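The structure appears right after this line, and notes come after that.
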Amino acid sequence: GIQVEQSPPDLILQEGANSTLRCNFSDSVNNLQWFHQNPWGQLINLFYIPSGTKQNGRLSATTVATERYSLLYISSSQTTDSGVYFCAVVSGNTPLVFGKGTRLSVIA
Amino acid sequence: GAGVSQSPSNKVTEKGKDVELRCDPISGHTALYWYRQSLGQGLEFLIYFQGNSAPDKSGLPSDRFSAERTGGSVSTLTIQRTQQEDSAVYLCASSFSVYNEQFFGPGTRLTVL
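Line order of the protein sequences matches chains U and X. So the first sequence is numbered by the working numbering: it starts at 1 and just counts up by one. So the second sequence is numbered by the working numbering: it starts at 1001 and just counts up by one.
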């Protein structure tokens, strides 16, 4: 099945810093989503982005489907951005396959 | 409802007991999924339902796990004879179809003593 790799696995940022999270996948995808899992375990939808670029406030994402990667940009990070960021893909007729996540800690 | 809802939010049970977890998807969503997340791990697919098609059960870890979806809406995940390794957060998601954006419920945290 499709493999999803996220990097870095852990990231510590000073408040106000910018960061880029990466998601590589091993096959073509029909769906790609980025999630933020908050400290209470809730998965928050950030982007549905099988291709192209989207922006939502301080967050933006780009998926280059032909090169099998997606990037999540966080600008001017805040402590509330802390948590785990997951990339997940659908390939063929499968359900979402998740990467192992990037654990982000933003310190004041 | 506005989002996916799950109940109970927490469940503590003794080894060997059966448990039922419930999921109410977003109205109009024909696809419904169950995943689980063990402590510190990523999310693992269990089963999904798409409309009236036979469910994809390929992710169920053992025959102690089963799920049903009644009337194309509410789903129940049943774990029989629970084991300690079943302890995890069980998450439900729904979408218009398998290729559309999935939305997750808050999860049920299951603890097997």
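We put the CB at the ideal spot given by N, CA and C, even for glycine. All values reported here derive from a predicted model rather than from experimental measurement.
What residue does the beta strand (DSSP E) around residue i start on, and which one ends it?
i, result
"F1096 (chain X)", "Note, F1096 (chain X): premise wrong, no beta strand (DSSP E); not H, not E."
"G83 (chain U)", "G83 to V90"
"S7 (chain U)", "V4 to S7"
"V106 (chain U)", "T102 to I107"
"S51 (chain U)", "Here S51 (chain U) belongs to no beta strand (DSSP E), and DSSP marks it neither H nor E."
Can you give me the C-alpha to C-alpha distance between residue i and residue j, rounded to a whole angstrom?
i, j, result
"G1040 (chain X)", "S1007 (chain X)", "22 Å"
"L1077 (chain X)", "G16 (chain U)", "43 Å"
"G52 (chain U)", "T63 (chain U)", "5 Å"
"A65 (chain U)", "S1097 (chain X)", "21 Å"
"T1013 (chain X)", "T1108 (chain X)", "13 Å"
"L72 (chain U)", "K1017 (chain X)", "43 Å"
"L59 (chain U)", "D81 (chain U)", "10 Å"
"P1025 (chain X)", "F1049 (chain X)", "11 Å"
"L43 (chain U)", "R103 (chain U)", "14 Å"
"G101 (chain U)", "S1038 (chain X)", "14 Å"
Within 10 Å of its beta-carbon, does residue i have 16 or more other beta-carbons around it, so buried, or fewer, so exposed?
i, result
"A1067 (chain X)", "buried"
"N1052 (chain X)", "exposed"
"D1086 (chain X)", "buried"
"T1082 (chain X)", "buried"
Given 6 Å as the limit, tell me if residue i has its C-beta closer than that to any heavy atom belonging to the ligand PLP.
i, result
"E5 (chain U)", "Here there are no bound small molecules, and the ligand PLP is not part of this structure."
Check whether the segment 90-98 of chain U touches the segment 68-77 of chain U, counting contact only when three or more Cβ pairs, one atom from each stretch, lie closer than 8 Å.
no
Residues of the segment 1023-1044 of chain X whose Cβ lies closer than 7 Å to any Cβ of chain U, in chain order
Y1033, G1042 and L1043
Pairs of beta-carbons, one from the segment 19-26 of chain U and one from the segment 1-9 of chain U, closer than 8 Å: are there three or more?
yes
Near-chain U residues of the segment 1086-1101 of chain X (beta-carbon distance less than 8 Å), N- to C-terminal order
V1089, L1091, A1093, V1098, Y1099, N1100 and E1101
Can at least three beta-carbon pairs, one atom from the segment 1091-1111 of chain X and one from the segment 1027-1034 of chain X, be found at a separation below 8 Å?
yes
Scan the segment 17-49 of chain U for residues whose Cβ lies nearer than 7 Å to a Cβ of chain X and list them as they occur along the chain.
N30, N31, Q33, G41, Q42, L43, N45 and Y48
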